[in-house]
Structure formats: structure tokens, C-alpha cells
Amino acid sequence: MRFPPLWLTLAHDAVMAAAAFIGAVVLRVGWEAFEDRPELMGSGTALFVAIALLSNRLTGLHRGVWRYTALTDLLTIAKAATLTVAGFAMVMFLVQRGDFLPRTSLFYAWGLLILLLIAGRAVYRGIKERSASALLSAAREPVVVIGAGDEADLFLASLHRSHAPYRVVALIDERERRKGQAIRGVRVEGGIDALPALLERLAARDQAPQKLILAQADAKPEAVRRLLELAQSLSLPLVRVPRLTDFRAGDAPVQLQPVALEDLLGRPPLPLDRAPLENLVRGRRVLVTGAGGSIGAELVRQIAALGPEHLTLLDASEYALYAIDLQVSETHPALPRVAVLADVRDAARISRVFTDARPDLVFHAAAIKHVPLAEANPLECFATNILGSRIVAEASRAVGARAMVQISTDKAVNPTNVMGASKRVAEMWAQAQDLTENSGTRCVLVRFGNVLGSTGSVIPLFQRQLQRGGPLTVTHAEITRYFMTIAEAVELVLHASAYGTTDAAAPGRIFVLDMGEPVKIIELARQMIRLHGLRPEVDIPIEITGLRPGEKLYEELFHDAETLDPTPVAGVRLAAPRTVALTDLTRDLDALAGAIGRGDTRAAFDILHRLVPEFSPSSAS
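Numbering (my numbering), first residue to last: 1012 to 1632.
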């Protein structure tokens, strides 16, 4: 059923058309025009109304829902009025050559018709919104919105047209010039420091807010942390509005979201050009190893969106491979792809897979990454991270791939653990391959630190511990790590890959992602506790458990001896670490493969120490 019904819409528009025509004649000529020509009042008005109704139907004006009258409807009204006046003038000219009516009266009729059609709809919308607001106001819980920009405006607009259980009683914004201004009738009361006094005034008026709502997409992490601490001290939950692109139209209530860890630790998005990524991937055959892991899966998602000719997903984990393959099938059903269950340590299997896939680009993300597990299983770590990387690189060259992109880690710098040392050797192999003359395959190395929420990282651990009611365990009070979001890291990996495959200065060097400032893990634990509305050390304890085998107090993104140069890509730098001749490295890796095959851990470590003399396990203590 239409609100108002179709018959009421037609009746309203007919009356408004008649009033516009009569009003235009009176304004231009006066009532004597109808006295001199009685037929003008009857047949002239009727003809104008008929043409107006026909014009409304032709332009679709009658289909508009009055309650949601907006700018597009106003444009439709203007089109309908223009069509009406033009049609009426044409008929009058054909019938009586229009001599009985001054031409300028048609301009009056056009303006009046627009005003009257708009007025009726605007009054109806105002009445409906006011009545709905009055009915729901008492049931809606009062809230204070942080931010007085586009997000706040959209949030307020969505409340007016939906049944969301919120009533905004005040706005807060750090910009001094916004103080005293209003958005949709809600006043900006000042900055964050004004919150405590504002809450007291609102409580005195029985409008004490039940939650704080962050509506500021560009809020800096330090501001969000400060706001979260203040909200906790005021015993108020802090949530945030969706992104601008996630707001829903119509009556759908806005879905508030919890403040995420990325909001507290994230950085302003870098202004990156997407064109190089499309030039790198579009129309090419791409293979991703470790496709089911945190980094590998995000690589798959972003690559799939860039239009490759074919995508091969390779992983040793059946479930992880199934999950990412299912996701791609849902988001990009037309993309040709194949999911391959394979281990990068199986040279014969990898060779067959690469021969069948014929990849132009290979992204090698498969690795053993968990430090304590690598310490406990060093030969498995060496086999995957070192020999597996060698196998993938050689398979890439054998099929003539344009580039193999090796994902490395900050733990490869001055390594104190098996995982970091193994990744440094993998770096050295990729460097040696890249410096080989007459090689048609580029080996691009990208090194970065931790990503938020990756498998086996501290954040999922903290989440599980919080679900159990604590305590949160931190290995050392001073331990720090670099963090960035998975999406940001992968986008920078793709940009580095695009630059590395074309720049003549890149061979043998390592792209290092700018990770920002390191974060204390104990502070990370406190922030996660606050995100759950709890108090660190009071509601949830934090325990110091001691450094684990191979664990460093802090990570380094580059070695002191590595020279760093900028690149055209914001957030990416080039490092030039020492390299090893391919023949010497080949001999050592062959010996390492023999030691692994014999299960000779001591021999394997001897080779590792020879390759990575800075490897110092004792420094973890």
C-alpha cells in the first residue's frame, strides 16, 4: 500500500495544478481575466490539470514515496512542471494561438506548480517524521555522538527514517569552530574534554546518555585510545557507526559496531595508486602458496579483485584451502581458478603443479611462522622455510614466471630463533636468484612485521583468554612488536611487487614495509581489555610469564649494515643486505637437505650458523 495512496497523490497533484494555474493568471492579469473569459477558469484549468497529471505519470512523479522525498524527487517535480507548462502552451497555441493568455503567466504557473507540489510532500514528510519521532522518542535511549562530520550527519538521518533505538542528545567534536553549531537540530557541545561536564548537565535533565557513539572515520588512534579510557572512567560503552559505504537506505536500522583493535593501533591510510596493481595482475596467471594462511588468504582476496586471467591457490592445509576457495567462489564466481592441495617441500609435486598452472606471477607466503613451534621442530622449519622456498623459486624459473614474490619477516634481522634464521636464509636464496645473470624470473623480497589478527599471533590468544575471563599472559613487561593490518600489509606487498618487477635498482635488494611505531605488548593487552568494557589489572589481570625460547624483546626491520633507500611507493623502502654467491649457497643448501634427510639436527644448525653468522639463540634470554 502506498503512503499516501495513489488516489490521494493524484487528487493532491490535481488540486495543486489547478491552484498553480489560477494563481498564475491572477498574479499576472488579475481576476478580471476570468470575468472576461469564463472558459479560462473551466476548460483552461481542466486542461492544465490533465496535462499536469499526464506529465507526472510520464516522469514517474506519482510513484515517489512522500515520506522519503529527497533531492531526486525535487528534480522529478521540476521536470514534470516543465513538461506540463510546455504541453499546455503547445495545446493553447494550436487551438487559439495562445492569444487569450499572456505568455509570462506560464512562467508564473511553472514556478507555482513546483512550489505547491514540493510543499505538499514536504509537509507530509515533516508530519510523518515528527509523529514517528514523538512515538519513539520515549523508548529510544539517549546517546552522545563523537564527531560532527559526514558520518554523524548520515547517522542522524538514518535515525529519522528508521526504528533504531537511539536518540542523539548532543554532539562532541574537537574542532573549535564547530562548537555551538548544529547538525539536524543536534548541537555541538565542545570537545572530548567537555564530556564529563556535559554528562552532568544531561543527567540533570533526565537525558543521561547510555552510550558514546564514535562517528569519525579519520579519528587518530591516540584520540580513540583517549576516548576509550574516558568512556571506561564514565562507565559508558563506546561503539562506532559503520563506514560511509555501509550505511543502509530505507527503514533498515543502522548497525553500530564495536570499536576494533585496528582503530586503536591503526595508522591513517596511505594515499596509494591502484593502477600499478592492476598493471601487475590484470590478465595474468597468478599462483599463491600458503593461500589459506592469514597473509596468503588476503593476497588471494586482493589479487582476485584485480582481474587475473587465472588464479591457483596452493596450501598444505585441507581446511584452510577449502575456506579461501569457497570465499573466492562467492565473491568472484566467474574467475577461473583451481585449488591445489600440496606441500612446498615436495619438489616433484610442486614441479607438476607449476607446469600445469603456468603462472606469470608467484606469491610465496607458505611458511612455518610460529616461533616456539619452530624452536621445537627445527628440521621441519628448515625444510619448509628454506628448502620449500628454494623449490618454489626454482619451479617459478622453470616455467618462465615473470616474478616470484617472497614474503619475509622482521624476525630475519639479527635472528634469535630458528624461524627468523630460516627466513634469512630464504631471503639470501631469493637474492642470489635475483642477481643471477640472464634470469628471466625476478625474485622480489618483501619484509615486514606482525599483522593484526594473523593465525598464531598474540591477538587471537588474548581474545581466547578474555573469553575465559583472563588472565592475559605477556612474556615480558617491555616486549614490543610492530603491527599493521593484514589488508594494508598485502596492499603494500603488491605495490612493492609492481615496483620490484620493473625497477632496475631493485635486484638483490629487499623491500621493507614501514610498520610505524612499535607497540608494547602489555599496552596492547590493556587496550584489548578496555575494548571489552573491562578494567585492566582490576577486572582482568595481566601475568608476566617470561620470554619463550627464541623470543626477542624487540624486533628490527633492517640490519645496521643495511642501507635504506626510499621508493616511489609510500610506506615502502629498499634495503641492501649482504648477499652470497649462488654457487656457494647451492652447495650449503644441498648439504642442509642431506642433514634434514638424515635427521641430523646438529649438522643442520652448523650449516645455519655458517650461513647466518649473526644468528644468536642465546640473546633471547
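We treat Cβ as the ideally placed atom computed from N, Cα and C, and that holds for glycine.
Assuming Ala-1606 contacts Ala-1614 (C-beta within less than 8 Å), just tell me the rounded distance between them.
Going by Cβ atoms, the distance from Ala-1606 to Ala-1614 rounds to 4 Å, so yes, they are a contact pair.
Taking the DSSP output, what are the residues bridged to Phe-1459?
Answer is Thr-1420, bridged to Phe-1459.
Going by Cα to Cα distance, which pick from Pro-1426, Ala-1414, Gln-1476 is closest to Gly-1451?
Ranking Pro-1426, Ala-1414, Gln-1476 by Cα distance to Gly-1451 puts Ala-1414 first.
Closer than 7 Å by C-beta to Leu-1332: which residues in its own chain qualify, once you throw out the five before and the five after it? Chain order, please.
Around Leu-1332: Ala-1302, Gly-1303, Leu-1324, Asp-1326, Ala-1350, Leu-1352.
Only counting the same chain, and skipping five residues up and downstream in sequence, which positions put a Cβ closer than 6 Å to that of Ala-1385?
Cβ neighbours of Ala-1385 beyond the five flanking positions: Ile-1379, Cys-1392, Val-1429, Met-1430.
Go ahead and label Asp-1284 buried or exposed: buried means 16 or more other beta carbons lie within 10 angstroms of its beta carbon, across all protein chains shown.
Result: exposed.
Do you know how far the Cα of Ala-1230 is from the Cα of Ala-1441?
Approximately 40 Å between the Cα atoms of the pair.
Sorted by chain position, which residues of the same chain lie with C-beta nearer than 6 Å to His-1023's C-beta, five sequence neighbours on each side aside?
Taken in chain order, the residues that qualify are Gly-1131.
Determine, using beta-carbon pairs with one atom in the segment 1479-1496 and one in the segment 1550-1569, whether at least three such pairs fall under 8 Å.
Yes, the segment 1479-1496 touches the segment 1550-1569.
Any chance you could list the beta strand (DSSP E) runs of at least 3 consecutive residues sitting entirely within the segment 1208-1243, in chain order?
Those beta strand (DSSP E) runs which fall completely within the segment 1208-1243 and span 3+ residues are 1222-1225.
Kindly indicate the opening and closing residues of the beta strand (DSSP E) around Thr-1323.
Here the beta strand (DSSP E) through Thr-1323 covers 1321-1326.
Within 10 Å of its beta-carbon, does Gly-1582 have 16 or more other beta-carbons around it, so buried, or fewer, so exposed?
Counting Cβ neighbours within 10 Å, Gly-1582 comes out buried, since at least 16 surround it.
Terminal residues of the continuous beta strand (DSSP E) containing Ala-1286?
No beta strand (DSSP E) contains Ala-1286, which is instead part of the alpha helix (DSSP H) from 1286-1292.
So, with DSSP's three-state summary, where would you put Ala-1586?
Here Ala-1586 sits in strand by DSSP.
Taking Tyr-1177 as part of the beta strand (DSSP E), name the residues at either end of that continuous run.
Element bounds for Tyr-1177: 1177-1183.
Within the chosen definition, does the segment 1500-1512 reach the segment 1520-1533 through at least 3 CB pairs nearer than 8 Å?
The segment 1500-1512 is in contact with the segment 1520-1533.
Give the straight-line distance between the Cα atoms of Arg-1401 and Tyr-1330, rounded to the nearest whole angstrom.
Roughly 25 Å separates the two Cα atoms.
Would you mind working out which of Arg-1356, Val-1134, Ala-1345, Phe-1374 sits nearest Ala-1308, comparing C-alpha positions?
The shortest C-alpha separation from Ala-1308 is found at Phe-1374.
With H, G and I counted as helix, E and B as strand and the rest as coil, what does DSSP make of Phe-1099?
DSSP places Phe-1099 in helix when its eight states are reduced to three.
In whole angstroms, what is the alpha-carbon distance linking Leu-1472 and Leu-1086?
Taking the straight line from one Cα to the other gives about 55 Å.
Measure the beta-carbon distance from Ala-1228 to Arg-1189 and round it to whole angstroms, keeping in mind my assumption that it falls under 8 Å.
That belief does not hold up - the Cβ atoms of Ala-1228 and Arg-1189 are roughly 16 Å apart, past 8 Å.
Quick one: what's Ile-1633 bridged to in DSSP?
Absent from the model: residue 1633. The displayed extent of the chain is 1012 to 1632, so no value can be given.
If you drop the 5 nearest sequence neighbours on each side, which residues of the same chain put their C-beta closer than 6 Å to that of Val-1580?
If we look at Val-1580 and ignore the five residues flanking it on each side, its Cβ neighbours are His-1506, Tyr-1510.
Can you tell me the Cβ-Cβ gap for Asp-1421 and Glu-1567, rounded? I've got them flagged as a contact below 8 Å.
Contact flag correct, Cβ pair sits at about 6 Å.
Using a Cβ-Cβ distance under 7 Å, would Ala-1242 count as near chain B?
The chain inventory of the structure shown lacks chain B, comprising one protein chain alone.
Which residues in the same chain as Thr-1512 place their Cβ atom closer than 8 Å to its Cβ, once the five residues preceding and following it in sequence are excluded?
Correct list, in chain order: Leu-1291, Arg-1413, Ala-1414, Arg-1453, Val-1455.
If Arg-1492 and Glu-1240 are in contact, beta carbons under 8 Å, what's the gap, nearest whole angstrom?
Arg-1492 to Glu-1240, Cβ: 22 Å. No contact.
Can you tell which of Leu-1575, Leu-1463, Thr-1578 has the C-alpha that lies nearest to the C-alpha of Ala-1530?
For the record, residue 1530 in the displayed sequence is Val; it is not Ala. Of Leu-1575, Leu-1463, Thr-1578, the residue nearest in Cα terms is Leu-1463.
By Cβ distance, which residues of its chain are closer than 7 Å to Arg-1236, with the 5 residues on each side in sequence left out?
For Arg-1236, where only same-chain residues beyond five positions count, the Cβ hits under 7 Å are Leu-1275, Gln-1538.
Less than 6 Å between C-beta atoms, sequence neighbours within five positions excluded: which residues of the same chain meet that for Val-1364?
Only Val-1351, Ala-1353 meet the Cβ criterion.
For Ala-1181 versus Glu-1200, is the C-beta distance shorter than 7 Å?
Result yes, Cβ atoms of Ala-1181 and Glu-1200 sit closer than 7 Å.
Please return the same chain residues whose Cβ sits closer than 8 Å to the Cβ of Gly-1610, not counting the five positions on each side in sequence.
Excluding sequence neighbours, Gly-1610 sits near Leu-1390.
Applying the 10 Å Cβ sphere with the 16-neighbour rule, what's the burial state of Ser-1054?
Looking at its Cβ environment, which holds fewer than 16 other Cβ atoms inside 10 Å, Ser-1054 is exposed.
Work out the CA separation of Gly-1557 and Glu-1528 for me, nearest whole Å.
Cα to Cα, Glu-1528 sits roughly 23 Å from Gly-1557.
Excluding the 5 residues preceding and the 5 following Val-1355 in the sequence, name in chain order all residues of the same chain whose CB lies nearer than 7 Å to its CB.
Excluding sequence neighbours, Val-1355 sits near Thr-1300, Ile-1361, Ala-1377, Thr-1395, Gly-1399, Ile-1402, Val-1403.
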